[in-house]
Amino acid sequence: MKETYKKVLWAINEKCPYGCKYCYLSFDESHNPIIKDERKDIENIMDFLANPLIKIVFLAGAEPMLNSNIVDIIKKLKSFNKQIVLCTNGLIKNIKLWKEILSTNLDAISFSLDSLKKDYNDNIRIKNSWDTVTENIIFAKSIVKSYNLKTKIGIYTVVTKLNLPDMYNTYKFCSENLNIDYYVYQPITLPTIHPLSKSLMLEDADIKALKSQITKINHSKLKTYKPNKKYIKLMISGIKRTKQKKCFINNNFIFLMPDGLFSQCPCYAANRDIRNIINSKKIAFNQIIDCDCFSEECSNIYQLINFEEILNEK
């Protein structure tokens, strides 16, 4: 690895039983970003993550809490002096497990909640998901408060054409009723062949409404953290598919797959042709210019790279 500090998004599991309608795991094999290869054991992955250049590890999809060793994994990573962020759909109702996870004093938990409206959230994800997620958030916040933990509790909302009109109201609800520490909105990204692409993907025609909702959020006096201006600019560029002169990731990010393989960009993980071209030419990631695959997925990565802003928020 080059001598720059890294953030690692570890897709710790490759299967999930929930089947949310817009999840990439519902794609056929050619569009599934999980690269199938010989699985490395957990010790080898931990050896890789022990590298002192790695500062933050995001434990993510499919659903990290389905991993039977998740508590031990967090403890081990904390022993390496890493900052740990658990990215969960929040659908597991297991008080004992939640207590064990929070007892590790991990740095943040990012829950997925797409609307203040139960019907929308339960339709796009799974039945009764809204109640389960909000109950788990409230429980997690109560544990953090009771034991004076430093763990930040936040929400990620996937923005589609359908829930776009409720962006501000969702932010307001989550801030006032769930008392979260941070709120991040990110536009949905789907391949054009996905059956929900046309009905859910944001387009140029939606940008005016998107900016209006963001303005309301930014002008709010609520203290819950929201994304900064650079993220907003990148997000809109991603929706427009604006060609970038140079990738902003700049060798600071690693996407670690369940099999132990890693890529410097989820785009590479999903597109084997791109990865093969780059490997054959031995091009360093931070040398790539005029990236043709810039999309909403890229702007979503910016918020991970910039996550210290959330962790350092008072």
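Read in this note's numbering, the sequence shown has 210 at position 203, and its numbers run on one by one without any break. Glycine included, C-beta positions come from ideal geometry on N, C-alpha and C.
Would you kindly report the start and end of the unbroken alpha helix (DSSP H) that includes residue i?
| i | result |
| --- | --- |
| Leu-207 | 204-207 |
| Ile-239 | 236-247 |
| Ala-67 | Not the alpha helix (DSSP H): Ala-67 falls in the beta strand (DSSP E), residues 61-67. |
| Phe-260 | Taken as a continuous stretch (DSSP letters only), Phe-260 belongs to no alpha helix (DSSP H), being part of the beta strand (DSSP E) at 260-263. |
| Ala-216 | 214-226 |
| Lys-233 | Note, Lys-233: premise wrong, no alpha helix (DSSP H); not H, not E. |
| Asp-54 | 49-56 |
| Lys-85 | 77-86 |
| Met-72 | Looking at the DSSP string, Met-72 is not in any alpha helix (DSSP H), and its letter there is neither H nor E. |
| Asp-138 | 136-153 |
| Asp-129 | 125-131 |
| Phe-318 | One detail in the question is off: residue 318 reads as Leu in this sequence, not Phe. Here the alpha helix (DSSP H) through Leu-318 covers 315-318. |
| Val-109 | The amino acid at residue 109 is misidentified as Val; the sequence shows Leu. 102-110 is the extent of the alpha helix (DSSP H) around Leu-109. |
| Cys-181 | 174-184 |
Are the beta-carbon atoms of residue i and residue j separated by less than 8 Å?
| i | j | result |
| --- | --- | --- |
| Gln-193 | Val-166 | yes |
| Lys-82 | Val-64 | no |
| Thr-231 | Asp-173 | no |
| Leu-217 | Tyr-309 | no |
| Leu-207 | Lys-168 | yes |
| Glu-77 | Leu-84 | Glu is not the amino acid found at residue 77; the sequence shown has Ile there. Going by C-beta atoms, Ile-77 is not nearer than 8 Å to Leu-84. |
| Ile-200 | Ile-246 | no |
| Ala-18 | Gly-68 | yes |
| Thr-141 | Lys-100 | no |
| Leu-229 | Ser-182 | yes |
| Thr-177 | Ser-122 | yes |
| Cys-23 | Leu-73 | yes |
| Asp-126 | Asn-135 | no |
| Asn-112 | Leu-66 | no |
| Lys-179 | Ser-149 | no |
| Asn-95 | Pro-71 | The amino acid occupying residue 95 in the given sequence is Thr; Asn does not appear at that position. Going by C-beta atoms, Thr-95 is nearer than 8 Å to Pro-71. |
| Leu-171 | Gln-220 | yes |
| Gly-267 | Ile-52 | yes |
| Asn-2 | Thr-11 | Given that the chain is displayed from residue 8 to residue 321, the structure contains no residue 2 and the question cannot be resolved. |
Since residue i sits in a beta bridge, which residues does DSSP pair it with?
| i | result |
| --- | --- |
| Ser-117 | Cys-94 and Gly-161 |
| Gln-193 | Val-165 |
| Phe-5 | Absent from the model: residue 5. The displayed extent of the chain is 8 to 321, so no value can be given. |
List the whole-angstrom C-beta distance separating residue i from residue j, where the pair is believed to meet the contact cut-off of C-beta under 8 Å.
| i | j | result |
| --- | --- | --- |
| Phe-262 | Leu-93 | Between Leu-93 and Phe-262 the Cβ distance is about 17 Å, and since that is not below 8 Å, they are no contact. |
| Ala-115 | Thr-164 | Going by Cβ atoms, the distance from Ala-115 to Thr-164 rounds to 16 Å, so no, they are not a contact pair. |
| Phe-260 | Ile-312 | 6 Å |
| Lys-13 | Leu-203 | Going by Cβ atoms, the distance from Lys-13 to Leu-203 rounds to 33 Å, so no, they are not a contact pair. |
| Pro-265 | Asn-20 | 6 Å |
| Phe-118 | Ile-144 | 6 Å |
| Tyr-25 | Ile-133 | 5 Å |
| Ala-147 | Ile-160 | 5 Å |
| Tyr-175 | Ile-224 | 5 Å |
Kindly indicate the opening and closing residues of the beta strand (DSSP E) around residue i.
| i | result |
| --- | --- |
| Leu-16 | 13-18 |
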